[in-house]
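Shown next, in structure tokens, is the structure this report addresses.
Protein chains: 2
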Amino acid sequence: MEKRVEILKKHNIRITPQRLGVYEILLDKNKHLTAEAIYRKIRVSFPTISLATVYSILELYYKKHLLNEIRIDFDKSCFDIRTDTHHHFLCKQCAEIYDIDLHPCSALNNKEVDGHLIHELQGYFYGICSKCKDKSNL
Amino acid sequence: MEKRVEILKKHNIRITPQRLGVYEILLDKNKHLTAEAIYRKIRVSFPTISLATVYSILELYYKKHLLNEIRIDFDKSCFDIRTDTHHHFLCKQCAEIYDIDLHPCSALNNKEVDGHLIHELQGYFYGICSKCKDKSNL
DNA sequence: CTTTTAAATAATAATGATTATTGCTTATTT
DNA sequence: AAATAAGCAATAATCATTATTATTTAAAAG
Chain A
1 MEKRVEILKK HNIRITPQRL GVYEILLDKN KHLTAEAIYR KIRVSFPTIS LATVYSILEL
61 YYKKHLLNEI RIDFDKSCFD IRTDTHHHFL CKQCAEIYDI DLHPCSALNN KEVDGHLIHE
121 LQGYFYGICS KCKDKSNL
Chain B
139 MEKRVEILKK HNIRITPQRL GVYEILLDKN KHLTAEAIYR KIRVSFPTIS LATVYSILEL
199 YYKKHLLNEI RIDFDKSCFD IRTDTHHHFL CKQCAEIYDI DLHPCSALNN KEVDGHLIHE
259 LQGYFYGICS KCKDKSNL
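Residue numbers (this note's numbering), protein chains in the order written: chain A, 1 to 138; chain B, 139 to 276.
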């Protein structure tokens with residue numbers, strides 16, 4: 001059985017071409033896509049798909065823990081197939097989002113802070129990315 | 139000169155009753171208010187104020203670094219007069235937002251991650267707060 | 001203290017991301 | 001192959017935030 005099909009079935013998700021299409025786009029190297037960006041991409045293979053369908057598929061995947069929704073840009077959500085805990089950096093100049101892996105993150109090693117039970121942690125870094133920094137220094 | 143007036147003047151902000159009112163509400167112990175919540179509170183003393191004015195005052199204060207905007211709840215921004223770096227916890231049960239101060243935060247001590255220049259860091263923790271946890275354990 | 005004028009406010013409309021609705025279509029079950 | 005439960009497309013609705021504009025007001029100057 002194909003890998004994508006296998007994963008979706010494992011999570012009790014009914015297989016449809018639209019769902020496979022969205023999943024494939026998410027798997028692509030280009031990460032942190034907005035719903036709108038996914039919509040634009042999937043319309044190449046599914047010209048009649050609607051944006052609402054993209055949202056509903058993303059919501060389904062989120063509930064099944066197949067993706068991570070991040071809101072580093074206040075205006076819109078981005079979606080990421082990486083579901084292990086990691087953080088994000090948003091460049092204020094080029095708007096690119098980078099993954100950030102903090103190795104010895106004290107906050108992550110604890111299950112609690114101030115007596116509160118932690119289920120999830122999102123770290124959002126804002127600044128100027130290395131590429132833009134280099135360009136300014138020319 | 140009154141304290142609030144002094145602070146606003148120091149930041150080259152023209153004094154208006156509406157601005158003083160919003161500032162007073164932000165100073166109140168009840169932190170992390172949404173624009174809507176601030177609007178509801180200030181209408182007691184300024185019944186004709188409009189929500190757009192509240193937003194414009196908040197934007198002004200943000201640009202002058204008099205407040206911090208957080209987006210721990212995806213749906214709406216919250217505003218906080220604490221401008222020093224600290225993090226936040228959102229209880230999934232009661233929706234209360236708590237301040238989190240991480241003492242030895244490795245991420246904060248650095249000015250860079252992966253070669254990117256950090257200007258700002260927002261840490262959002264999600265889970266069950268101590269109060270709700272205690273209630274469940276009765 | 002009045003006049004001036006540049007900025008702030010109120011009222012309202014517009015925007016834009018996300019969600020809800022509904023009738024038709026498709027995937028699984030019988 | 002028929003039945004049925006779920007998914008989809010199209011579209012409308014929602015809701016936070018932003019833009020617009022005419023009116024009002026705060027600060028500066030006379």
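Glycine included, each C-beta is placed from N, C-alpha and C at the ideal position.
- Proximity of B/Tyr-200 to chain A, defined by a Cβ-Cβ separation below 7 Å, is not satisfied.
- Residue state for A/Val-44 is assigned as coil, using DSSP reduced to three classes.
- Per DSSP, B/Cys-270 lies in no beta strand (DSSP E); the unbroken alpha helix (DSSP H) holding it starts and ends at 268-274.
- When C-alpha distances from B/Lys-269 are compared across A/Ser-136, A/Gly-115 and A/Cys-129, the shortest belongs to A/Gly-115.
- Against chain B, the beta carbon of A/Arg-82 has no neighbour under 9 Å; the closest one sits roughly 15 Å away.
- Annotated three-state conformation of B/Ile-151 is coil, per DSSP.
- It is roughly 18 Å from the alpha-carbon of B/Ser-274 to the alpha-carbon of A/Val-113.
- When the Cα atoms are used, A/Val-22 and B/Ser-183 turn out to be separated by approximately 51 Å.
- For B/Ile-256, the neighbours in chain A by C-beta distance under 7 Å run, in chain order, Phe-125 and Gly-127.
- Residue pairing for A/Ile-118: DSSP places it in a beta bridge opposite B/Gly-265.
- Looking only at B/Ile-235, B/Cys-267, B/Leu-205 and B/Ile-187, the smallest Cα-Cα distance to B/Thr-154 is reached by B/Ile-187.
- Assignment of beta-bridge partners to B/Ile-210 by DSSP yields no partner.
- Counting every other CB atom within 10 Å of its CB across the protein chains shown gives B/Lys-179 a total of 16 or more, marking it as buried.
- In the same chain as A/Ala-52, and ignoring 5 residues on each side of it, no C-beta atom comes closer than 8 Å to its own.
- Under the 10 Å beta carbon count, A/Cys-78 is surrounded by 16 or more other beta carbons and is classified as buried.
- Beyond the five residues adjoining it in sequence on each side, A/Leu-33 comes within less than 8 Å, by CB distance, of Ile-25, Leu-26, Lys-41, Cys-78 and Phe-79 in the same chain, given in chain order.
- Collapsing the DSSP output to three states places B/Glu-140 in coil.
- According to DSSP, residue pairing for B/Leu-228 in a beta bridge involves B/Ile-235 and B/Tyr-264.
- Taking a C-beta distance under 7 Å as the contact criterion, A/His-11 and A/Lys-64 qualify as a contact pair.
- In the displayed model, A/Leu-33 falls within a strand according to three-state DSSP.
- Contacts with chain B at 7 Å (Cβ-Cβ) include A/Arg-71.
- A/Ser-56 does not reach chain B, its nearest Cβ partner there being about 17 Å away, counting only Cβ pairs nearer than 8 Å.
- Looking from the CA of A/Leu-102, the closest CA among A/Leu-90, A/Cys-94, A/Gln-93 and A/Thr-85 belongs to A/Thr-85.
- According to the DSSP assignment, B/Leu-196 belongs to the alpha helix (DSSP H) that extends over 189-201.
- In this structure, B/Cys-229 is the residue among B/Cys-229, B/Tyr-177 and B/Asp-237 with its C-alpha nearest to the C-alpha of A/Leu-117.
- Non-local beta-carbon contacts of A/Lys-31 in its own chain, meaning distances under 7 Å to residues more than five positions away in sequence, involve Asp-80 in chain order.
- A/Gln-122 has a beta carbon lying within less than 7 Å of a beta carbon in chain B.
- Taking a Cβ-Cβ threshold of 9 Å, the residues of chain B close to A/Phe-74 are Glu-207, Arg-209 and Ser-215, in chain order.
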